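Colleague: Take the sequence shown: its position 135, counting from 1, is numbered 135 in the working numbering, and each next residue is one higher. Glycine is no exception: its CB is placed at the ideal position from the N, C-alpha and C atoms. All values derive from a computational prediction rather than experimental measurement.
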Amino acid sequence: MLLDEKDKNIKQLQSSPPVSGAGGLNADAPGHVTGKSIYVDDIPMMEGMVFLKIYDSPVAHGIIKAVDYTTAEQVDGVVKIFSYKDIPGENQIGGIVADETLLADTEVHFCGQPILIIAAENEDAAEEAIHKIKIEIDALPVITDPRVAFAQNKLLSPSRKFKIGDAASAFTQCKHVFEGTAETNGQEHLYLETQGAYAYPTEHDSVKIFSSTQGPTQVQRTVARVLGVSMNKVEVDVSRLGGGFGGKEDQASAWGTMAALVAYILKRPAKCILQRMEDMRMTGKRNPYSSDYKIGLDEDLNILAYETTFYQNGGAAADLSPAILERTLFHCTNSYFIPNVTATAHSCKTNLPPNTAFRGFGGPQGMFVIEAAIDHAAKSLGIDATVIQRKNMMDDGNELPYGQIIKNSEARNCWDEVTGKYDIGKIRNDIIDFNAKNDFRKKGMALMPVCFGISFTNTMMNHARALVHVYSDGSVGVSTGAVEMGQGVNSKMIQVAAKTFGISTDRIKLETTNTTRVANTSPSAASSTADLNGKALLHACNQVNERLHAFIKTEIAGNIECIVEIRDERVYINDEATVYNWKSLIQQVFMKRINLSAKGHYSTPVIHFDKTIEKGHPFAYHVYGTAIITATVDCLRGTYEIDAVYAVHDAGTSINHAVDLGQCEGGIVQGIGWMTMEEVVYNDEGRLLSNALSTYKIPDIYSVPKELTVQFLNTDKNNLAILKSKAVGEPPLMYGIGAFFAIRNAVITFNPASTIKYNAPITPEKVLMGLYNQ
Ligand code: LUZ
Ligand code: MOS
1 MLLDEKDKNI KQLQSSPPVS GAGGLNADAP GHVTGKSIYV DDIPMMEGMV
51 FLKIYDSPVA HGIIKAVDYT TAEQVDGVVK IFSYKDIPGE NQIGGIVADE
101 TLLADTEVHF CGQPILIIAA ENEDAAEEAI HKIKIEIDAL PVITDPRVAF
151 AQNKLLSPSR KFKIGDAASA FTQCKHVFEG TAETNGQEHL YLETQGAYAY
201 PTEHDSVKIF SSTQGPTQVQ RTVARVLGVS MNKVEVDVSR LGGGFGGKED
251 QASAWGTMAA LVAYILKRPA KCILQRMEDM RMTGKRNPYS SDYKIGLDED
301 LNILAYETTF YQNGGAAADL SPAILERTLF HCTNSYFIPN VTATAHSCKT
351 NLPPNTAFRG FGGPQGMFVI EAAIDHAAKS LGIDATVIQR KNMMDDGNEL
401 PYGQIIKNSE ARNCWDEVTG KYDIGKIRND IIDFNAKNDF RKKGMALMPV
451 CFGISFTNTM MNHARALVHV YSDGSVGVST GAVEMGQGVN SKMIQVAAKT
501 FGISTDRIKL ETTNTTRVAN TSPSAASSTA DLNGKALLHA CNQVNERLHA
551 FIKTEIAGNI ECIVEIRDER VYINDEATVY NWKSLIQQVF MKRINLSAKG
601 HYSTPVIHFD KTIEKGHPFA YHVYGTAIIT ATVDCLRGTY EIDAVYAVHD
651 AGTSINHAVD LGQCEGGIVQ GIGWMTMEEV VYNDEGRLLS NALSTYKIPD
701 IYSVPKELTV QFLNTDKNNL AILKSKAVGE PPLMYGIGAF FAIRNAVITF
751 NPASTIKYNA PITPEKVLMG LYNQ
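Rendered as structure tokens:
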């Protein structure tokens with residue numbers, strides 16, 4: 001890329017709408033840019049701390065015959081080496097299914113599986129000890145392909161089937177039927193802060209852990225189980241994460257538990273921070289999927305029937321894969337209404353690190369397949385995929401395959417808004433023009449609609465709590481179960497409290513997420529963190545408000561019927577300003593011995609799901625949007641650039657435009673990365689080849705689209721969203737799927753006989769092969 005083009009890229013990124021006022025509050029950014037934000041590895045070390053290193057399996061499957069670490073333990077500085085035999089409680093960290101050890105016992109199931117923990121006075125000693133460990137393993141057959149695993153009946157959890165109408169008989173009514181296979185690969189989370197934890201023993205036989213986790217309670221529960229102690233002896237504290245993306249929803253627990261185990265047994269502080277290559281090797285990624293589809297349309301291009309089977313590559317343990325599998329089924333028809341659907345999903349056990357949550361949680365994998373099916377139908381019929389997409393968009397009253405009836409659909413609105421605003425006709429004509437004039441550069445375009453369900457699919461997880469203290473000087477401390485991981489949830493929580501109290505955001509401090517202040521939390525995940533914790537916080541603040549208002553009525557207004565309000569830090573009675581401001585009010589209230597603290601609880605109403613019939617109403621609401629994506633392919637080299645992404649996104653009534661825009665831009669680029677360049681590669685022995693940033697390519701500032709514009713569709717219909725501001729964390733990632741089809745369309749323009757498959761990521765290698773196959 002030329003230098004001036006690079007400059008242009010950077011300029012366009014800077015041209016996002018300006019940040020101003022409370023709507024642009026970003027509580028964490030100043031700390032990040034000045035280096036003051038505290039991550040696990042920044043916590044001051046205590047006297048006597050030991051460093052942990054993990055000895056992990058060199059092979060993907062085998063029986064451990066012998067492990068010899070006597071010489072390793074004699075290395076100067078090594079304090080102790082821990083094996084599964086040193087675990088006082090259960091050697092079990094599986095969340096949904098109890099199928100995963102903390103430390104391997106007699107068998108290893110994937111390369112990178114932890115076997116031993118080395119605790120040493122310094123990292124060099126631990127590293128030296130690693131090289132002195134001798135292991136003897138009898139190799140067993142290695143499976144890396146989910147279809148091979150399925151053929152051998154190796155499943156992590158029971159298979160699932162969603163069904164509406166009667167697909168089999170509907171196919172006989174169809175004029176056009178197409179069948180094929182679609183595949184998506186994994187994705188490395190690549191959070192900037194690697195996995196890690198710091199633990200120290202506390203009195204009463206307890207332990208405190210600072211963990212880089214999306215799920216503090218999950219870490220607490222796992223530690224208690226492995227140490228064989230009750231949960232009240234385990235305190236987990238989280239300041240913030242340098243990124244999670246789902247990779248720390250469940251998979252932070254192992255490292256937190258290792259640090260806790262060592263601290264608990266040695267009675268010394270212990271720190272376990274993975275290096276980048278250890279993290280890439282030992283942790284699971286987005287689940288790859290291999291899927292079959294069959295789509296049937298009538299002569300008016302209505303999709304009458306859809307049948308699909310998903311083979312999920314779960315890796316060696318269930319982890320969150322059964323829940324991810326479920327979300328794949330929930331999103332298998334994306335934004336479309338299809339009256340007859342049979343969707344089957346298998347979670348297949350392979351000898352890879354257990355795959356896990358990743359932004360979208362199986363949804364993107366399901367959506368890719370229906371988009372491939374529609375594209376297949378369109379190409380075969382010689383029409384534009386957009387015709388079928390638009391025609392079959394869902395409407396209010398439509399029933400989804402899982403029984404939920406669509407309400408307040410913005411699917412068509414987003415589609416029509418984006419195609420109108422950005423003049424889809426002109427974009428299409430410009431591309432036709434360009435392609436006619438250029439022999440070796442071709443442009444392609446695709447539209448990507450998204451409909452994403454908001455709520456944990458597991459109904460029981462949809463709840464949260466918040467604790468608010470108003471201190472006697474008028475300052476406010478807020479604790480919730482929400483974990484800040486760069487998504488801006490702290491800013492939103494501060495805004496909720498400030499708005500509810502009618503005071504400045506400057507008065508509010510957001511505390512760390514801590515299991516002793518807010519217990520039994522669900523992980524910060526499912527795009528639901530601000531909704532669930534925000535609603536709980538709203539409830540807590542309102543309780544304090546009620547006490548304040550009662551005080552104002554009786555003590556200030558003199559017990560008359562009146563309307564009391566606190567706004568801009570001033571007390572109003574019947575819309576008239578009083579002499580009381582927030583600070584003087586709080587002082588008075590405190591003197592009267594009135595409770596200035598409250599705990600709020602929220603659990604999402606309405607939602608339910610019955611797994612025995614696979615029907616219900618699992619989502620509080622859906623988030624909608626549509627993106628137009630254009631790309632240019634260099635047909636000599638097979639390289640490409642994403643020219644533009646224009647998205648219209650339903651953010652509800654956004655309470656923080658800057659944060660929401662950041663989520664959209666980041667999600668889109670992360671989605672494009674998954675679809676185009678990020679290639680997780682394991683060899684047949686189950687060894688990760690793309691094990692460093694030299695071999696695993698992620699989007700950088702120069703590979704973001706040359707133009708990236710997100711327009712919010714301002715809607716206000718959803719009361720289950722916090723202050724009507726709809727969840728925004730995961731949905732934008734799926735716009736990135738459009739990049740795959742835009743590039744593929746350009747390839748087919750160059751070579752109409754191309755056999756390029758629906759196999760993501762569409763890397764330059766695949767593009768080059770697709771450009772020149774006969
Ligand atoms: N985690 C989870 C999630 O446990 N359940 C979900 O439904 C979910 N959805 C998205 C992301 N994480
Ligand atoms: Mo997630 S994929 O941790 O919301």
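Under 6 Å Cβ to Cβ from Tyr84, same chain only, skipping five residues before and after it: list those, please.
Modeller: The count along the sequence shown starts at 1 and reaches residue 84 at position 84. These residues qualify, in order along the chain: Asn91, Leu103, Asp105.
Colleague: Within 8 Å of any Cβ in chain B, is that where the Cβ of Arg637 sits?
Modeller: Reference to chain B is not applicable here, since this structure consists of a single protein chain.
Colleague: Please return the same chain residues whose Cβ sits closer than 7 Å to the Cβ of Leu381, not counting the five positions on each side in sequence.
Modeller: Residue numbering aside, residue 381 sits at position 381 when the sequence shown is read from its first letter. The answer, listed in chain order, is His176.
Colleague: Glu765: buried (16+ other C-beta within 10 angstroms of its C-beta) or exposed?
Modeller: Along the sequence shown, one-based indexing puts residue 765 at 765. Looking at its Cβ environment, which holds fewer than 16 other Cβ atoms inside 10 Å, Glu765 is exposed.
Colleague: Below 8 Å between beta carbons: does that hold for Cys348 and Gln312?
Modeller: For this step, residue 348 is matched to residue 348 along the sequence shown. For this step, residue 312 is matched to residue 312 along the sequence shown. Contact: yes.
Colleague: With distances taken from CA atoms, which of Glu73, Ser694, Gly186 is nearest Phe844?
Modeller: The first residue shown for the chain is 1 and the last is 774, placing residue 844 beyond what the model contains.
Colleague: Measuring only the C-alpha atoms, how far is Ile143 from Thr213?
Modeller: In the sequence shown, the residue the question calls residue 143 occupies position 143. In the sequence shown, the residue the question calls residue 213 occupies position 213. For Ile143 and Thr213, the distance between alpha carbons rounds to 30 Å.
Colleague: Going by the C-beta, is Gln214 closer than 7 Å to any heavy atom of ligand 2?
Modeller: Here the question's residue 214 lines up with position 214 in the sequence shown. Yes, ligand 2 has a heavy atom inside 7 Å of this Cβ.
Colleague: Could you have a look at Thr480 and say whether DSSP puts it in helix, strand or coil?
Modeller: Position 480 of the sequence shown, counting from 1, holds the residue named residue 480. In the structure shown, Thr480 sits in a strand (DSSP, three-state: E or B).
Colleague: When you compare only the Cα positions, how much space is there between Gly21 and Ile748?
Modeller: Counted from its first residue, the sequence shown places residue 21 at position 21. Counted from its first residue, the sequence shown places residue 748 at position 748. Because Gly21 carries a pLDDT of 40, less than 50, the predicted location of this residue cannot be relied on, and the following value inherits that uncertainty. Straight-line Cα distance between these residues: approximately 48 Å.
Colleague: If you count every other CB in all the chains shown that lies within 10 Å of the CB of Asn153, and 16 or more means buried, which is it?
Modeller: Your numbering for residue 153 matches position 153 in the sequence shown. With fewer than 16 Cβ atoms within 10 Å of its Cβ, Asn153 is classed as exposed.
Colleague: Assign His131 to buried or exposed, taking buried as 16 or more other Cβ atoms, counted over all protein chains shown, within 10 Å of its Cβ.
Modeller: Residue 131 sits at position 131 when you count from the first residue of the sequence shown. His131 is exposed by the Cβ-count criterion.
Colleague: Using only CA atoms, which one of Thr283, Asp430, Val75 lies nearest to Glu127?
Modeller: For the purposes of this step, residue 127 is taken as the residue at position 127 of the sequence shown. Among Thr283, Asp430, Val75, the Cα nearest to that of Glu127 belongs to Val75.
Colleague: Cutting at 8 Å between CB atoms, please list the residues of its own chain near Glu742, excluding the five before and the five after it.
Modeller: To locate residue 742, count along the sequence shown from 1; it is residue 742. A small correction: the amino acid at residue 742 is Ala; Glu does not occupy that position in the sequence shown. The answer, listed in chain order, is Gly444, Met445, Ala446, Ile629, Thr630, Ala631, Ile642.
Colleague: Would you mind stating whether Glu776 and Tyr758 have Cβ atoms separated by less than 8 Å?
Modeller: Any question about residue 776 goes unanswered here, given that the chain covers just 1 to 774.
Colleague: Report buried or exposed for Arg567, applying the criterion of at least 16 other Cβ atoms within 10 angstroms of its Cβ.
Modeller: Taking the first residue of the sequence shown as position 1, residue 567 is located at position 567. It counts as exposed.
Colleague: Helix, strand or coil, according to DSSP, for Ile115 in the structure here?
Modeller: On the sequence shown, residue 115 is found 115 positions in, with the first residue counted as 1. Correct three-state label for Ile115: strand.
Colleague: Taking 8 Å as the cut-off, decide whether the C-beta atoms of Gln220 and Asp250 are in contact.
Modeller: Residue mapping note: residue 220 aligns to position 220 of the sequence shown, counting from 1. Residue mapping note: residue 250 aligns to position 250 of the sequence shown, counting from 1. No. Outside cutoff.
Colleague: Consider the C-beta atom of Ala357 and the heavy atoms of ligand 2; say whether any pair is separated by less than 7 Å.
Modeller: In the sequence shown, the residue the question calls residue 357 occupies position 357. Yes, ligand 2 has a heavy atom inside 7 Å of this Cβ.
Colleague: By the DSSP assignment, the alpha helix (DSSP H) with Ser491 in it spans what residues?
Modeller: Locating residue 491 in the sequence shown gives position 491, where the first residue counts as 1. From DSSP, the alpha helix (DSSP H) with Ser491 extends over 489 to 501.
Colleague: Cβ atoms of Ser211 and Val238: under 8 Å apart, would you say?
Modeller: Position 238 of the sequence shown, counted from the first residue, corresponds to residue 238. Position 211 of the sequence shown, counted from the first residue, corresponds to residue 211. Yes, these two residues count as a Cβ contact at 8 Å.
Colleague: Any heavy atom of ligand 1 inside 7 Å of the beta-carbon of Leu467?
Modeller: Residue mapping note: residue 467 aligns to position 467 of the sequence shown, counting from 1. Because no heavy atom of ligand 1 lies under 7 Å away, the Cβ of Leu467 does not count as near it: no.
Colleague: In the DSSP assignment, find the beta strand (DSSP E) that holds Ala627 and state where it starts and stops.
Modeller: Within the sequence shown, the letter at position 627 stands for residue 627. First-last of the beta strand (DSSP E) with Ala627: 621 to 634.
Colleague: Buried or exposed for Ala385, please, with buried defined as at least 16 other CB atoms from any protein chain shown within 10 angstroms of its CB.
Modeller: As a working mapping, residue 385 is identified with position 385 in the sequence shown. Ala385 comes out buried.
Colleague: Start and end of the alpha helix (DSSP H) containing Arg276?
Modeller: Numbered from its first residue, the sequence shown carries residue 276 at position 276. Per DSSP, Arg276 belongs to the alpha helix (DSSP H) from 276 to 282.
Colleague: Bridge partners of Lys349, per DSSP?
Modeller: The residue you call residue 349 lines up with position 349 of the sequence shown. Beta-bridge pairing links Lys349 to Gly315.
Colleague: In this structure, what does DSSP give as the bridge partners for Gly453?
Modeller: Here residue 453 refers to the residue found at position 453 of the sequence shown. In the DSSP output, where bridge partners are listed per residue, Gly453 has His622.
Colleague: Which ranges does the alpha helix (DSSP H) cover as unbroken runs of at least 4 residues, wholly within the region 161 to 231, from first to last along the chain?
Modeller: Runs of the alpha helix (DSSP H) inside the region 161 to 231: 167 to 173, 216 to 227.
Colleague: Which two residues bound the contiguous alpha helix (DSSP H) that contains Gln365?
Modeller: To locate residue 365, count along the sequence shown from 1; it is residue 365. From DSSP, the alpha helix (DSSP H) with Gln365 extends over 363 to 381.
Colleague: How far does the alpha helix (DSSP H) with Gly652 in it extend, from its first residue to its last?
Modeller: Position 652 of the sequence shown, counting from 1, holds the residue named residue 652. Run containing Gly652: none in the alpha helix (DSSP H); it sits in the beta strand (DSSP E), 640 to 652.
Colleague: So is Gln173 buried or exposed if we call it buried at 16+ other beta carbons inside 10 Å?
Modeller: Numbered from 1 along the sequence shown, position 173 holds the residue referred to as residue 173. Per the 10 Å Cβ criterion, exposed.
Colleague: Cβ of Arg412 versus every heavy atom of ligand 1: is any distance shorter than 7 Å?
Modeller: Here residue 412 refers to the residue found at position 412 when the sequence shown is read from its first residue. Because no heavy atom of ligand 1 lies under 7 Å away, the Cβ of Arg412 does not count as near it: no.
Colleague: Heavy atom of ligand 1 less than 7 Å from the Cβ of Asn458, yes or no?
Modeller: As a first step, residue 458 must be located in the sequence shown, where it is residue number 458. Yes, the beta carbon of Asn458 sits closer than 7 Å to at least one heavy atom of ligand 1.
Colleague: At a threshold of 7 Å, does Ser527 count as lining ligand 2 (C-beta to nearest heavy atom)?
Modeller: The count along the sequence shown starts at 1 and reaches residue 527 at position 527. Flag set: Cβ of Ser527 near ligand 2.
Colleague: From Ser690 to Asn683, what does the alpha carbon distance come to, in whole angstroms?
Modeller: Taking the first residue of the sequence shown as position 1, residue 690 is located at position 690. Taking the first residue of the sequence shown as position 1, residue 683 is located at position 683. Whole-angstrom Cα-Cα distance: 10 Å.
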